[in-house]
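Asker:
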Amino acid sequence: MNWILYALGTALILAVADLFVKLAAGRLSNSVALLIFGSVTFLTALVWVGLQRLRGVPLFAQPNGVLAALGVGIAFTTVTIGLYVTFSAGAPISLASPLVRLAGLLAASLAGLVLFQEPLTWRYVLGMLFAISGVYLIVTR
Numbered sequence: 009m010n011w012i013l014y015a016l017g018t019a020l021i022l023a024v025a026d027l028f029v030k031l032a033a034g035r036l037s038n039s040v041a042l043l044i045f046g047s048v049t050f051l052t053a054l055v056w057v058g059l060q061r062l063r064g065v066p067l068f069a070q071p072n073g074v075l076a077a078l079g080v081g082i083a084f085t086t087v088t089i090g091l092y093v094t095f096s097a098g099a100p101i102s103l104a105s106p107l108v109r110l111a112g113l114l115a116a117s118l119a120g121l122v123l124f125q126e127p128l129t130w131r132y133v134l135g136m137l138f139a140i141s142g143v144y145l146i147v148t149r
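Quick note, the sequence shown lines up with residues 9 to 149 if you use this note's numbering.
1. Beta carbon of Thr86, beta carbon of Phe45: below 7 Å?
2. Span of the alpha helix (DSSP H) holding Val74?
3. Please determine, among Ser96, Ala139, Ala25, the residue with the shortest C-alpha to C-alpha distance to Ser117.
4. Is Leu123 a contact residue of the ligand NAP, with contact defined as CB to any heavy atom under 6 Å?
5. Could you check whether Val40 and Phe95 sit closer than 7 Å to each other, using their CB atoms as the reference points?
6. Which of the three DSSP states is assigned to Leu67 in this structure?
7. Sort out for me which residues DSSP pairs Leu36 with in a bridge.
8. Quick one: Cα of Ala99 to Cα of Asn72, how far?
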């Protein structure tokens, strides 16, 4: 279960990303913000691939993996645009970020049940009810 530490670290970094989007929103055009995001992502990937290559890690790409990775790129790009638009419209980070994250969590969780036949338990259902309640309570303050 060491994946939980990775997930918690990723959640923390995601919160930091939201904070930076909120700080940048309205201080540069959304298209320039997306260009900067994409440039940093590209350069990071380029360095990572280069380091993997130097370490002798095999690089491979199966067609279905490439298509899925393209989907990830499109999805995260769209999320980034959505966050910039949301925060540029004046949304408070204390409401918008939890709404985006929890609603995304619910959608991804349901996809796990439907697409990957992950188990449905009473604890899962209870957790989903708490998450939905949390979204409602946060948004309606």
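Just so you know, even glycine gets a beta-carbon here, dropped at the ideal spot from N, CA and C.
Answerer: To lay it out plainly:
1. Your numbering for residue 86 matches position 78 in the sequence shown. Your numbering for residue 45 matches position 37 in the sequence shown. The answer is no: Cβ separation not under 7 Å.
2. Within the sequence shown, numbered from 1, the residue matching residue 74 stands at position 66. Per DSSP, Val74 belongs to the alpha helix (DSSP H) from 71-96.
3. As a first step, residue 117 must be located in the sequence shown, where it is residue number 109. Among Ser96, Ala139, Ala25, the Cα nearest to that of Ser117 belongs to Ala139.
4. In the structure on display, the ligand NAP does not appear, and there are no ligands present to speak of.
5. Counting from 1 along the sequence shown, the entry for residue 95 is found at position 87. Counting from 1 along the sequence shown, the entry for residue 40 is found at position 32. No, they are not a contact pair.
6. Residue numbering aside, residue 67 sits at position 59 when the sequence shown is read from its first letter. In the structure shown, Leu67 sits in coil (DSSP, three-state: anything other than H, G, I, E or B).
7. Taking the first residue of the sequence shown as position 1, residue 36 is located at position 28. The partner list for Leu36 (beta bridge, DSSP) reads Ala33.
8. Against the sequence shown, residue 99 aligns to sequence position 91. Against the sequence shown, residue 72 aligns to sequence position 64. Near 37 Å, if we compare the C-alpha coordinates of Asn72 and Ala99.
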